[in-house]
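Quick note, the sequences are listed as chains A, B and C, same order. This note's numbering puts the first sequence at residues 1 to 573. This note's numbering puts the second sequence at residues 574 to 1075. This note's numbering puts the third sequence at residues 1076 to 1142.
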Amino acid sequence: MTGFDVPPVAFFLLGAALLPWLPAVGRAGVCVLFPLLALVHVSLLTEGAELAVPFLQYELVLLKVDGMARMFGIAFTLVAVVAGIYAWHMRELKQQLAAMLYAGGALGVVFAGDFFTLLVFWELMAVASALLVWAGGTDRAGAAGLRYLLVHLLGGSLLLAGIVMEVYTSGDLSVRAFAEEFSPGSLLILLGVLVNAGMPGLHAWLPDSYPKSTVTGSIFLNAFTTKTAVYVLAVCFPGWEVLFVCGLIMALYAVSYAVLANDIRLILAYHIISQVGYMVAAIGIGGELGLNSAAAHAYNNILYKTLMFMGAGAVLFAVSETRLTHLGGLFRKMPWVVVLYLVGAAAISGLPLFNGFVSKSMVMDAVYGRDLGYSLLALASVGTFLSVGIKLPYYTWFYRETPRELDAVGKPPVNMIVAMGILALICVAYGLWPAWQYAQLPYGVDFTAYRTDLVVKAIHIPLGTFVVFWFFRHKILGEAKIVLDTDWFYRKPASNIGGLILDGVNRFFGACESGLDRLIVQRIVPPFRNPIKALGFKSGQGDHYDPDMDRTSLGSAVGLTLLVMVVALVLSL
Amino acid sequence: MEAWVHLAVAILLPAFFGALVAVIFPARWRNAPWVTAVITSGLAFAASVAGLVYTASRGEVRYYLGGWEPPMGIELVMDPLSAFFCAVVTGMAFFVFIHGKTVVPRETPGKEAAFYSTALLLVGGLLGIVLTGDLFNLYVFLEISSLAGYALVAIGDRRAPFSAFRYLILGTIGASFYLLGVAFIAMETGSFNMGDVARVVPALGDSAPATVGLILIVFGIGLKMALFPMHGWLSDAYTYATSTSTAIIAPIGTKVAAYVLLRGCFYMFDPDFVREGIPLTTIIGYLGAVGIIWGSVLAIAQSDLKRMLAFSSVSQVGYIALGVGLASPLGMIGAVLHTLNHAVMKACLFLVNTNILSRFGHTDIRRFDRTFRIRMPWTMAAFTLAAISMIGLPPTAGFFSKWYLVLGSWENANYVFLGVILVSSLLNVVYFFRVLEKIYLRTDGEPYDEKNEREDAAVEREESPASMLFPTVFLAASLLVLGLANAFIVTYFIRPMIPSGL
Amino acid sequence: MTMNRITWILLVLTLIATSAASYRADPDTFPLYYFVFGVLGCLLMLFITKGVAKKLLSRKEDYYDRV
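Pasting the structure below:
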């Protein structure tokens, strides 16, 4: 639609502005309708469309459409629509507002043509998403939300510092691909973006916070932050070798934690990082195939990962429990949820006929030729299938009779099932007709997903994994425990060191307080009670100022006036 | 142009006219004097604002009374400086008069007509001081306003006549000094007209009689201004006068004296001469600095809110003197802006004091408690805002006048003044937070618990009537507006008034 | 979910069929390579991660809540 080049974020901001004035049902409607309008708008945007606004000596490019941006934009708006349906029953204004602003921020980043605009929306995302974490309502969610916000503000500051340096040296504010050399500016930008992408070491905010958000909050959280980071990496750092290494580390590190994790939303949270690892690795390879595969995988990932989070959310909604050791046998209570979740699980595991197969195969094809990296990514996909393909659904919905504590099982509302159904349909459709996906990709595609070797590989790896899992199925579950991650470095010592410091500080201030108290109460305050007496004037007698006793006499008032005047005269003449 | 000339006299006349009219109504028209006072002060305020805007863009206006040209006749001069002070005086009078609707009949029953007539005379006298271009005429207006002021103070409670007597003695000494000073200057220059004096004085060179005359004027008017150490009359007069008397004298009385100080030092005499030839402005500045600290220290010592505010006035007048003492454009801006800000703050605070008094029957800070905030939320909010402005926290008005004074001190490398301003802000914090703590925080040392909550729930709101609440809250809110608009005020109204030699 | 004999037979048939297809398409590669990769990879992953976790990283659930 030429001539209507409005940034898609406008729809979300408008929707957010409307929300507080509407009744509950209207709000739910807005949360579906406005993303839907944005989806239509984004899919009609033509490549090359631009909207620039002058700002100081720069130009802010609020809208810049290219293939990559459009692809992410469609995925984001699509998932926002479906998440709106999924959250239809949720009436909490705060969460709806935060979700709208959050999705809007993500679209703002994706369509930003300059770094300043990008940064503004980047920070909007950080704040809005922190609100979603806080919406969890528990003390743990509160603390995690604070940590989340702090980490993101740190990441945002790194990004800001990098942008300032970059703009200062090059004078160019536009979002663009950097040449592969480590200037301080580009390095800081890279670090800031990697915080959001969840690079191990900088990632702990993600598994720390996402599982603590609300049922609907985690749906939004899983889709936007990491994927906008992928988008920025793809646009600014294509072909940077270091990203290939980063991607491998992400994929393997996170999947190992996913294998260990006991909380279903924690498993899925680690899988976000693991999947982003595939995309980052593909971006590190670069070239048209690399970027195409990264974009395709991000697109599909947004769909199936949201689908899986919806499944986990439905479980949480129904039984208020997300630990595998406390779940089990829930299949009969929610068969549709299980089936639809399994579609997502099949997709993420890259089984043929599902969209994950297409994009994962593209990624593997892009990586082909780097033997070690190829094998490591294949190993990561073993872990993927192991943890979310079998472990999660098996222990949640099968394995044993429903534990007695979960007797009062609620039913997930219909709107949740509908939302999941829509996503599952899309996942299958892209799997059956990969050509639809190819047509969306930013660069021309010369790739066939359904190649014998790819299909065979995609079936054999899960098969082998399944056999081993089945053999050990009674051993894997283990006990209800948590596994430490790098957030230990700021969570555990924080309380210890914090205690240490606070103790010392407390004692110090305690000492100062009593000392100061003595000083103030005994030395400083009394003179102020009656300054006349403190200065030794005769009239002042009482400890407190008495307007009758301590009044300046007329004589001294006149005398003083004359004295000062005489002094002035002497000085002047 | 022709019509605009009459603005000067249009500011002056309503007050005197009102003073005459206020007493002619039959006694059963109880509100008639109040209505007269509000209308006439409102008219004068409107004329002042018009004059302010006019002079800011077109320069000064001269009006020859009776058509007699100086030096024979008397002229009214409305330049940016006098128009600004007229606006402050009439504006404060307007709002305080509105506030007096129920207060005056209660505190001085049966004397409403006399009260408003006297108060309008005071306002008229002060406006005359600001507008006149003639030194002797200024003395006449000074006496008019002073006599009205003594009467207004004396009308108060049992001790009021005593404090009025002190005020009268010191005020008369001040007026005498002033008259003596005028005589010296007239003797040396041969004219009472300020413009003539300003033209002749530079030609005299280092003239001892003129210098003595100026010093006499400065110290005579210093007594009126309550410049340290000439503030002895102020605390009693303000404390024992009726609420509305204090509220009208405190914000504008001392300010007009400050105007005379500015006029004499920087307009009639050459600023360079006053600054360097004789160290007069330096002396004024240091007296102001001492006054700032001394007033604050004594304010801390007070247990009565009204007396605390009175001593706080001594301190605040010190700021204006300090600005004069800097004798630089920034100091002048700070001083003039502070007269406006302090007038609004002090008027607001005295109105709050009146609201408290009329609701609780006392203003003893020791007996304040947290029920105040529930019973009079708006009044307490206004008090808080005004207190914050007095302390000088942005974005309230009080911050910006202090800011200009800080800049000026910095520019003159006068670190004593700088330190004084900073220390006094701390002292202001002490004496205002003492009150705020009582109103908002204090629960007898115990943590706020359910028992307190129940107690608080039992307290009912008893806010002042609208005639009292509106001026209080309006003035408090305008502190924010003045603060945010400070750049506008300085650029359009204060910069044009800075004399060329400064 | 129970795995009965029919399910296992289906799985084995799938394995054989896909391996045959792989052999026809490219006789040079070992048809069961990725099946073995899956088995070994899964074992590796389970034992390494579980081992490391048990020795080093596992904690009680209220670990962070205790101060």
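Glycine residues also receive a C-beta, built at the ideal position from the N, C-alpha and C atoms. For clarity, every value in this text was computed on a predicted model and none was experimentally measured.
Exercise. Residues bridged to ILE482 (chain A) by DSSP?
Worked result: Paired residue(s): C:ARG1134.
For this session: Return the first residue and the last residue of the beta strand (DSSP E) that TYR58 (chain A) is part of.
Result: 58-64
Exercise. Between which two residues does the beta strand (DSSP E) harbouring MET125 (chain A) extend?
Worked result: Here MET125 (chain A) belongs to no beta strand (DSSP E); instead the alpha helix (DSSP H) covers 115-134.
Problem set entry | C-alpha gap between VAL773 (chain B) and PHE765 (chain B), whole angstroms | 11 Å
Problem set entry | Nearest residue (CA-CA) to ALA52 (chain A), options A:ARG400, A:GLY431, A:SER174 | A:SER174
Exercise. Using a Cβ cut-off of 9 Å, which residues of the stretch 1084-1116 of chain C contact any Cβ in chain A, in chain order?
Worked result: LEU1086, THR1089, LEU1090, THR1093, SER1094, ALA1096, SER1097, ARG1099, ALA1100, ASP1101, THR1104, PRO1106, LEU1107, TYR1108, TYR1109, PHE1110, VAL1111, PHE1112, GLY1113, VAL1114, LEU1115, GLY1116
Problem set entry | PHE178 (chain A): contacting residues in chain C (beta-carbon distance under 9 Å) | Neighbours of PHE178 (chain A) on chain C: none; closest Cβ ~36 Å, over 9 Å.
For this session: Closer than 7 Å, Cβ to Cβ, to anything on chain A: give me those residues from the stretch 839-858 of chain B, in chain order.
Result: ILE851, PRO852, LEU853, ILE856
Problem set entry | Run of the beta strand (DSSP E) containing GLU648 (chain B), from where it starts to where it stops | 648-651
For this session: Please compile the residues from chain C whose C-beta is within a distance smaller than 7 Å of the C-beta of LYS481 (chain A).
Result: SER1133, ARG1134, LYS1135, GLU1136
Exercise. Quick one: is MET645 (chain B) buried, meaning 16 or more other Cβ sit within 10 Å of its Cβ, or exposed?
Worked result: exposed
For this session: Report, in whole angstroms, the separation of the C-beta atoms of ALA721 (chain B) and LEU743 (chain B), which I expect to be a contact under 8 Å.
Result: With a contact defined as Cβ atoms closer than 8 Å, ALA721 (chain B) and LEU743 (chain B) miss out at about 16 Å.
Problem set entry | CA-to-CA distance, GLY156 (chain A) to ALA1039 (chain B), given in whole angstroms | Cα to Cα, the separation comes out at about 51 Å.
Exercise. What runs of the alpha helix (DSSP H), each 4 residues or longer, lie entirely inside the stretch 928-1015 of chain B?
Worked result: 944-948, 950-964, 970-984, 988-1009
Problem set entry | Within-9 Å CB hit, ASP937 (chain B) to chain A | no
For this session: For ASN1079 (chain C), name the three-state secondary structure that DSSP assigns.
Result: Correct three-state label for ASN1079 (chain C): coil.
Exercise. What is the rounded straight-line gap between the Cα of GLY907 (chain B) and the Cα of ALA38 (chain A)?
Worked result: 54 Å
Problem set entry | Beta-carbon proximity list for ILE85 (chain A), same chain, < 8 Å, skipping 5 on both sides | VAL32, ASN415, VAL418, ALA419, ILE422
Exercise. So what does ASN766 (chain B) bridge to, in DSSP terms?
Worked result: DSSP, once it has assigned bridges, lists B:ASP707 as partnering ASN766 (chain B).
Exercise. MET565 (chain A) touches chain B at which residues, Cβ-Cβ below 7 Å?
Worked result: ILE788, PHE792
Exercise. Which of the three DSSP states, helix, strand or coil, is assigned to PRO547 (chain A)?
Worked result: coil
Exercise. According to a CB-to-CB cut-off of less than 7 Å, which residues of the stretch 795-807 of chain B neighbour chain A?
Worked result: LEU796, PRO802, MET803, GLY805
Exercise. Are at least three pairs of beta-carbons, each pair with one atom in the stretch 1062-1069 of chain B and one in the stretch 619-630 of chain B, less than 8 Å apart?
Worked result: The answer is yes - the stretch 619-630 of chain B touches the stretch 1062-1069 of chain B, with three or more Cβ pairs under 8 Å.
For this session: Could you tell me whether the Cβ of PHE111 (chain A) comes closer than 9 Å to any Cβ of chain B?
Result: no
Exercise. Excluding five sequence neighbours on each side, which residues of the same chain lie with their C-beta closer than 6 Å to the C-beta of GLU166 (chain A)?
Worked result: GLY185
For this session: Go ahead and pull the three-state DSSP assignment for TRP581 (chain B).
Result: Contrary to the premise, residue 581 (chain B) reads as Ala rather than Trp in this sequence. Correct three-state label for ALA581 (chain B): helix.
For this session: Locate the beta strand (DSSP E) running through VAL558 (chain A), then write down its first and last residues.
Result: Segment 554-572 is the alpha helix (DSSP H) holding VAL558 (chain A); no beta strand (DSSP E) there.
For this session: Using only alpha-carbon positions, find the residue among B:CYS921, B:SER621, B:ASP942 that is nearest to PHE657 (chain B).
Result: B:SER621
For this session: Could you please tell me which residues of the stretch 929-963 of chain B, in chain order, have their CB closer than 8 Å to any CB of chain A?
Result: none
For this session: Could you check what DSSP says for ARG370 (chain A) in three-state terms: helix, strand or coil?
Result: coil
Exercise. Quick one: what's got a C-beta closer than 8 Å to LYS975 (chain B)'s C-beta in the same chain, skipping five residues either side?
Worked result: Annotation for LYS975 (chain B): TYR892, GLY907, HIS911, GLY965, ILE994, SER998 place their beta carbon closer than 8 Å to its own, counting only its chain and skipping 5 residues before and after.
Problem set entry | Burial state of PRO434 (chain A) (16 or more Cβ within 10 Å) | By the neighbour-count definition (other C-beta atoms within 10 Å, threshold 16), PRO434 (chain A) is a buried residue.
Problem set entry | Contact between the stretch 186-202 of chain A and the stretch 232-250 of chain A (3+ Cβ pairs under 8 Å) | yes
Exercise. Over what stretch of residues does the beta strand (DSSP E) that includes LEU51 (chain A) continue unbroken?
Worked result: 50-55
For this session: Going by DSSP, name the residue or residues bridged to ARG635 (chain B).
Result: B:VAL650
Exercise. When DSSP labels each residue in this structure, what does ASP365 (chain A) get in the three-state scheme?
Worked result: helix
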